[in-house]
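**Student:** Per my numbering, residue 472 is the first one in the sequence shown, and the count goes up by one each step. Would you mind keeping the following structure in view while I ask a few things?
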Amino acid sequence: MNTQLIIDYLSNLSRNNNREWYHANKEDHKKAKAEFEALLQALMLEIGKFDSSILHHDPKDLTFKIVRDTRFSHDKSPYNPAFRAHISSKGKLPVPVGYYLMIKPGNQSFLGGGLFADMFKDAVKLIRDSIAGNGGEWERIIHEPEFERYFTVQGCALKNVPAGYEKEHPQAEYLKFKSWYLEYPIKDEELKDAEAFIEKASGLFRIMKPFNDYLNKALADFQMPAR
């Protein structure tokens, strides 16, 4: 796995974020994407040692396009110079939650988990209800020493506890959230040794798994909206 090829291509795309350069260098994109998929495959085999539910996927089905939707953005750059993937039992859908990887040069890469998509109101309510009724388990997971060493729960939040929940609830701060996710930053230097990166990433995803499991248990009855 040539992770340097991935970094070099994305760095060049960042400096030349236009359609002319992209189409003139499509072969380089193809090679870099193949390396990313090989990295994903190796990472999935390690994740599979503690979460076999993700092993049936083809890595290429878990990746996201680099073409940006610029219709409602002030930034009209046509491409996102990053390779991204979401690994879960049902692929790259946001629910069930899984293991997220973004490689983006400039020390912008990160590992992620949890629910990023706060536009799904039904999913948000299911998680709030779970935290409201199962706060003890939530606290045990997020305050487990190994978890706290690497992660802090993040997310968009309301200013006040939403209607229908106790304002003085012990987990009131988390009931304000509209998304609950984790991010662990990865420096460019850490990507140069693919084997070491895979070992570190799979280890962090293992630590993350109880958090994901809690959310997925809460989301068991959630149905993705029909397109």
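Where a beta carbon is used, it is the ideal one built from N, C-alpha and C, also for glycine.
With DSSP as the reference, label E610 as helix, strand or coil.
**Tutor:** Here E610 sits in helix by DSSP.
**Student:** Thinking just about the alpha-carbon of each residue, which of R542, N487 and I558 is nearest to the one in S524?
**Tutor:** It is I558 whose Cα lies nearest to the Cα of S524.
**Student:** Could you tell me whether the Cβ atoms of L699 and I602 are closer together than 8 Å?
**Tutor:** The requested residue 699 is not part of the displayed model; the chain covers only 472 to 698.
**Student:** Cα-Cα, which of H494, V566, K501 and A513 is closest to P530?
**Tutor:** Per the Cα distances, A513.
**Student:** To the nearest angstrom, how far is it from the Cα of A553 to the Cα of K547?
**Tutor:** Taking the straight line joining both Cα atoms gives about 16 Å.
**Student:** Which residues in the same chain have their Cβ closer than 7 Å to the Cβ of I478, if we skip the five residues on either side of it in sequence?
**Tutor:** The answer, listed in chain order, is P576, D659 and L662.
**Student:** Is it the case that the Cβ atoms of Y655 and L586 are separated by a distance below 8 Å?
**Tutor:** Result no, Cβ atoms of Y655 and L586 do not sit closer than 8 Å.
**Student:** Quick one: Cα of F618 to Cα of N496, how far?
**Tutor:** For F618 and N496, the distance between alpha carbons rounds to 42 Å.
**Student:** Distance check for Y685 and P696, CA to CA, integer angstroms please.
**Tutor:** Near 22 Å, if we compare the C-alpha coordinates of Y685 and P696.
**Student:** For A556, count neighbouring Cβ atoms within 10 angstroms of its own Cβ and tell me buried if that reaches 16, exposed if not.
**Tutor:** Classification for A556: buried.
**Student:** Between the Cα of T474 and those of R486, H640, A505 and N488, spot the shortest distance and give me the residue it belongs to.
**Tutor:** Out of R486, H640, A505 and N488, A505 has the C-alpha closest to the C-alpha of T474.
**Student:** Quick check on L507: does DSSP put it in helix, strand or coil?
**Tutor:** Strictly speaking, residue 507 in this sequence is Phe, with Leu absent from that position. DSSP places F507 in helix when its eight states are reduced to three.
**Student:** Identify, in the order they occur along the chain, each residue of the same chain with its Cβ nearer than 7 Å to the Cβ of E608, setting aside the five sequence neighbours on each side.
**Tutor:** If we look at E608 and ignore the five residues flanking it on each side, its Cβ neighbours are Y685.
**Student:** Within 10 angstroms of the Cβ of V568, are there 16 or more other Cβ atoms? Answer buried if so, exposed if not.
**Tutor:** The residue in question, V568, is buried, as its Cβ has 16 or more Cβ neighbours within 10 Å.
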